[in-house]
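Student: Each protein sequence line maps, in turn, to chains F and Y. Under the working numbering, the first residue of the first sequence is numbered 1, with each subsequent residue one higher. Under the working numbering, the first residue of the second sequence is numbered 1001, with each subsequent residue one higher. Sending over a structure as structure tokens; questions will come in a sec.
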Amino acid sequence: MKNNTIVDFKNIFFYYGEIPVLEDISFSIKQNDFIAIIGPNGGGKTTLLKIMLGLLKPDRGTVKVFGKNPEEGRKLAGYLPQNIYFDLNFPINVFDIVIMGRYKGLVRKYSEKDRESVLNALETVGMLEYRNRHISMLSAGQLQRVLIARAIAREPELLLLDEPMASVDPEMQKSIYELFLELNKKMAIAFVTHDIGAISIYIDSVLCLNRKLFYHGPKEGSLSKLEEAYRCPVEILAHGIPHRVLRRHKK
Amino acid sequence: MGIFQYEFMRNAIIAAVLVNIVCGIVGTYVVIKKIVFISGGISHAAFGGIGLGYLLGINPIVAAIPFSLLSAITIGLISKRSKLSEDSAIGIIWAVGMASGIIFINLTPGYAPDLFSYLFGNILTIPVSDLYIMLAMDFIIILIVVLFFKEFYAVSFDEEFSTVIGIPNRILYLVLLCMVALSVVVLIRIVGIILVIALLTIPSSICRQFTYNMKKLIISSIVTGIILTITGLWISSLLNLPSGATIILLLALVFLLSFFIKKAVIAVRRLKT
Ligand SMILES: Nc1ncnc2c1ncn2[C@@H]1O[C@H](COP(=O)(O)OP(=O)(O)OP(=O)(O)O)[C@@H](O)[C@H]1O
Ligand SMILES: [Mg+2]
């Protein structure tokens, strides 16, 4: 039972200075979970992912990732950040960015297999022909796809994506969601999204966050909690889709 | 070019090569990681070490090594750990290093010979012993960068992602600052404390306009630095000008020209397509 728990949060509190951002959050992510993390802007979604990755330390509570501290456990994770802090003039091309996802340890050289995985990842996000492009010569959506490729090239056991579909066109979104479904057979995936319509189609469980954890469970039960978290009717959130989709599968 | 027969000229040219190997490597990281100001702080703080060398009666360059390593580590720790903003920390260390240098020299009995050459450099008066120090620095820096090329590259590009995938970026950052400190020490003889930062950063700034490949960038920066340093040296001896300042002005001039060259290159490429 303990074995298939990948991420375990117990009573996590997090403050930025005196501002509470997360309060008493407990939940776990299990093997083969495919979870959408939703909630309003400033709800703490990015903070939650950063705590999972050991980039931020909770003020109270315990986090375990693969049964270890996040600093250890995160090595098995792939990550797509929401904000990028790097310099677009940095001397690096698409291939060299993605191969960083294959990093395994000090002094180890990248192997032929690493190169292959990079090319595969680029292929799946439709960026293979851009592999020699410098990053300053990509559109925002193309860059986002490259960063998705960097996360999946790692072949992680836990894939964490912070708004992966930002700037991605609808057709590519569809194929990336399908890719996630495929990858989900081998790894747990948690991603932040505001696209409630997509949740209805692809995802089985939802984690709804607005400082407190409002809901974590199958998407079908999430409707009223969602409204509570967002403080507005879900029709507005999902342009009228949810009645059909969020409830349809109710058993 | 009869001047190149003299021994001091030969030493100067060897120094130009050795020093620009360091500059091309470390300077490239300084430029792409945008730590030019930090490097400026470290180089000025090294003056404290020079002063200490005078006071203790040892080779000021040797005394400057631990001193600038210490200031590099201090800047690195302060800037990452505390709320004290990074540029204030740099400014303080910068001034403290200079001030302690002045005090040390003041305490030194008698007159401080060729102090001026540490401030503004003189590539023509480099003793052979300093060439050995430069050689050792080259060796250390090349070894570190070759061993950890992947890691430095990843950390310079995206610190957050590097942290997640398990690269010890704090330590690497400190190692990088220490390499800056070591480069500063070997550069002091050539262009002096005040001009170090130019020789460290201008060759890479010129070359980065023409390549996006990190290894090519490093190598082309080394070559550019060597050519411009030797050319500057030659011009300075022709016109009887101070060598350090001449080298820097030549670098700056070529940097300016490189913008136009870049434009021309783009125009030519457009015509082709
Ligand atoms: N560096 C920071 N310093 C202080 N407060 C911060 C910082 N980063 C975030 N916050 C605050 O923490 C809260 C949660 O931020 P977080 O980025 O986790 O939200 P989010 O759910 O990811 O929002 P979004 O949907 O806009 O991405 C916000 O109220 C924000 O104001
Ligand atoms: Mg966010």
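The beta carbon of each residue, even a glycine, is placed where N, CA and C say it ideally should be. Bear in mind that the values here come from a model prediction, so they are computed numbers and not experimental data.
Looking at the structure shown, is SER205/F part of a helix, part of a strand, or coil, going by DSSP?
Tutor: In the structure shown, SER205/F sits in a strand (DSSP, three-state: E or B).
Student: Kindly indicate the opening and closing residues of the alpha helix (DSSP H) around PHE1104/Y.
Tutor: Its alpha helix (DSSP H) spans residues 1086-1107.
Student: Taking the alpha carbon of PHE1116/Y as the point to measure from, which residue in ALA1252/Y, LEU1195/Y and ARG1010/Y has its own alpha carbon closest?
Tutor: When only C-alpha atoms are compared, the closest one is LEU1195/Y.
Student: So, under 8 Å CB-CB, MET100/F and ARG150/F are touching, yes? Tell me the CB distance rounded to an integer number of Å.
Tutor: Yes, MET100/F and ARG150/F are in contact; Cβ-Cβ is about 6 Å, under 8 Å.
Student: Kindly list, in the order they appear in chain F, the residues whose Cβ is closer than 9 Å to that of ILE1219/Y.
Tutor: Near ILE1219/Y there are no residues of chain F at all, since even the closest Cβ is about 12 Å away, more than 9 Å.
Student: Can you tell me where the beta strand (DSSP E) holding ALA188/F begins and where it ends?
Tutor: ALA188/F -> beta strand (DSSP E) spans 188-192.
Student: One question on the structure: do LEU55/F and VAL65/F come within less than 9 Å of each other, judged by their Cβ atoms?
Tutor: No, they are not a contact pair.
Student: Can you tell me where the beta strand (DSSP E) with LYS30/F in it begins and where it stops?
Tutor: First-last of the beta strand (DSSP E) with LYS30/F: 19-30.
Student: Within 9 Å of any Cβ in chain F, is that where the Cβ of PHE1047/Y sits?
Tutor: With 9 Å as the cut-off, PHE1047/Y does not count as an interface residue toward chain F.
Student: Leaving out five residues on either side along the sequence, give the residues of the same chain with a beta carbon under 6 Å from the beta carbon of PRO1113/Y.
Tutor: Nothing listed; no residue qualifies.
Student: So, does the CB of LYS251/F fall closer than 9 Å to a CB anywhere in chain Y?
Tutor: Residue confidence for LYS251/F is low, a pLDDT of 36 falling below 50, so the modelled location carries little weight; the figure read from the coordinates is stated next. Closer than 9 Å: no.
Student: Taking the Cβ atom as the reference point for each residue, do LEU1124/Y and MET1009/Y lie within a distance shorter than 9 Å?
Tutor: It is a contact, given that the beta carbons lie within the stated cut-off.
Student: Measuring straight from C-alpha to C-alpha, what distance separates LEU1256/Y and LYS68/F?
Tutor: One C-alpha to the other measures close to 53 Å.
Student: Got a sec: does ligand 4 put a non-hydrogen atom nearer than 8 Å to the Cβ of TYR16/F?
Tutor: Ligand 4 is not part of the structure shown, which contains ligand 1 and ligand 2 as its ligands.
Student: Which residue marks the beginning of the beta strand (DSSP E) containing ILE35/F, and which one marks its end?
Tutor: Note, ILE35/F: beta strand (DSSP E), 34-38.
Student: Just to make sure I have the definition right: I need the residues of chain Y whose C-beta is within less than 9 Å of the C-beta of HIS134/F. Which are they?
Tutor: The answer, in chain order, is TYR1212.
Student: Is the segment 77-93 of chain F in contact with the segment 129-145 of chain F, if contact means three or more CB pairs nearer than 8 Å?
Tutor: Taking 8 Å as the limit for Cβ pairs, the verdict is that the segment 129-145 of chain F does touch the segment 77-93 of chain F.
Student: Looking at ligand 1, does it come within less than 8 Å of GLU163/F, judged from the CB to the closest heavy atom?
Tutor: GLU163/F: yes, Cβ under 8 Å from ligand 1.
Student: Span of the alpha helix (DSSP H) holding HIS1044/Y?
Tutor: HIS1044/Y -> alpha helix (DSSP H) spans 1036-1056.
Student: For GLU163/F, count the other beta carbons within 10 Å of its own beta carbon; 16 or more makes it buried, fewer makes it exposed. Which is it?
Tutor: With 16 or more Cβ atoms within 10 Å of its Cβ, GLU163/F is classed as buried.
Student: Compute the minimum distance between the beta carbon of THR193/F and the heavy atoms of ligand 2, and state whether it is under 8 Å.
Tutor: Result no, Cβ not under 8 Å from ligand 2.
Student: From LEU1147/Y to LEU106/F, what distance separates their C-alpha atoms?
Tutor: Each residue's Cα considered, the two are about 9 Å apart.
Student: Exposed or buried, what is VAL1268/Y when buried is set at 16 or more other beta-carbons lying within 10 Å of its beta-carbon?
Tutor: The residue is exposed, with fewer than 16 neighbouring Cβ atoms inside 10 Å.
Student: Below 8 Å on C-beta distance, what does ILE1140/Y contact in chain F?
Tutor: Those within 8 Å of ILE1140/Y in chain F number zero; the least Cβ separation is about 17 Å.
Student: Among LEU1228/Y, ILE1261/Y and SER1237/Y, which residue has its Cα nearest to the Cα of LEU1249/Y?
Tutor: If we check each option's Cα against that of LEU1249/Y, LEU1228/Y comes out closest.
Student: Is the Cβ of ILE241/F closer than 9 Å to any Cβ of chain Y?
Tutor: Any reading at ILE241/F must be qualified, since the residue scores a pLDDT of 47, below 50, and its modelled position is unreliable; the value itself is stated next. Closer than 9 Å: no.
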